[in-house]
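Take a look at the structure set out below.
Here it is, written out as C-alpha cells:
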C-alpha cells in the first residue's frame, strides 16, 4: 500500500512539473510571437528599412565607368565622422576614406528578387550600379534594374528612383559604435560625413 502511495505521489509530482514547463513554454512562445509582430508592424508602418540583410562590408570592387573624384572634400586616407544611420552603429562612427567618386546617387524603392518585403528609399545606389541607363542622371519616378548586391535580393531587382543627387560618394572603413569592424562600405555621401 505504501509503495502504491509513493508511486502515485511521484507520478503526480512529475505531471505537475511537466505541466508547469509546458505552461512556461507556451507563454514564452506568445511573448516571442508578440515581439516579432510588433517589430514587423513598426517596420511596415514607419517605412524604415530592415538592414539585417545589408552587406556592411564589401570586396571593394568598383562598378565599371565609376570615376574617381579629382578633388574630394575627404581625400583617400583621411578620417571623418559618419552622420548617417543606414544601419545600427553607423551614426557617430569614425571612418577612414578608402575611395571617393563623383557620380549621381539615388534613393530607390524595390521589391527584392528573393520574395522579401518591399524596400523603400534605400540609401544608396549609384548611377553606375544601374543597368542600361546611359550617361544622363535619372529622375524621380524612373524605373530601372539594379546591378548591385548591397542587400539580399537587391541584384536584378526592378526599382523606382525616389531621389537623385549629383555628388561625391565615398567607400569607407569604420568600426561601428557597437564594435563591428566594417570594410569597404558602399556608400556614404559627402553630406553624411563631417570633419573629425
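Numbering (mature numbering (1 follows the signal peptide of the UniProt record, and there is no 0)), first residue to last: -20 to -1, 1 to 176.
Built from N, CA and C at the ideal position, the CB exists for glycine as well.
None of the values given here were measured: they were computed from a predicted structure.
Could you tell me whether the Cβ atoms of residue 43 and residue 109 are closer together than 8 Å?
Residue 109 sits close to residue 43, with the two beta carbons spaced by under 8 Å.
By the 10 Å Cβ neighbour count, where 16 or more other Cβ atoms means buried, how is residue 37 classified, buried or exposed?
Exposure of residue 37 is indicated by the presence of fewer than 16 other C-beta atoms within 10 angstroms of its C-beta.
Can residue 152 and residue 64 be called in contact, C-beta distance under 8 Å?
No, Cβ-Cβ distance for residue 152 and residue 64 is not below 8 Å.
Are the Cβ atoms of residue 86 and residue 47 separated by less than 8 Å?
No. Outside cutoff.
Residues that residue 102 bridges to, as DSSP identifies them:
Answer is 88, bridged to residue 102.
Taking C-alpha atoms, which residue in 147, 149 and 122 lies nearest to residue 138?
Taking residue 138 as reference, the option from 147, 149 and 122 with the minimal CA-CA separation is 122.
Per DSSP, what are the beta-bridge partners of residue 141 in this structure?
Beta-bridge partners of residue 141 (DSSP): 88.
Contacts around residue 143, its chain only, beta-carbon distance under 7 Å, and the 5 residues preceding and following it disregarded
The beta carbon of residue 143 sits closer than 7 Å to the beta carbons of 86, 87 and 120 from its chain, once the five residues preceding and following it are set aside; these are given in chain order.
Got a sec? Which residues, its chain only, sit under 6 Å from residue 93 by beta carbon, not counting five neighbours each side?
Only 133, 136 and 137 meet the Cβ criterion.
Among all the DSSP beta bridges, which residues are the ones paired with residue 67?
Answer by DSSP bridge pairing: none, since residue 67 is not bridged.
Does residue 83 have its Cβ less than 8 Å from a Cβ in chain C?
This model lacks chain C altogether, as it is built from one protein chain only.
Please report how far the alpha carbon of residue 125 lies from the alpha carbon of residue 172, in whole angstroms.
Straight-line measurement puts the Cα of residue 172 at about 26 Å from the Cα of residue 125.
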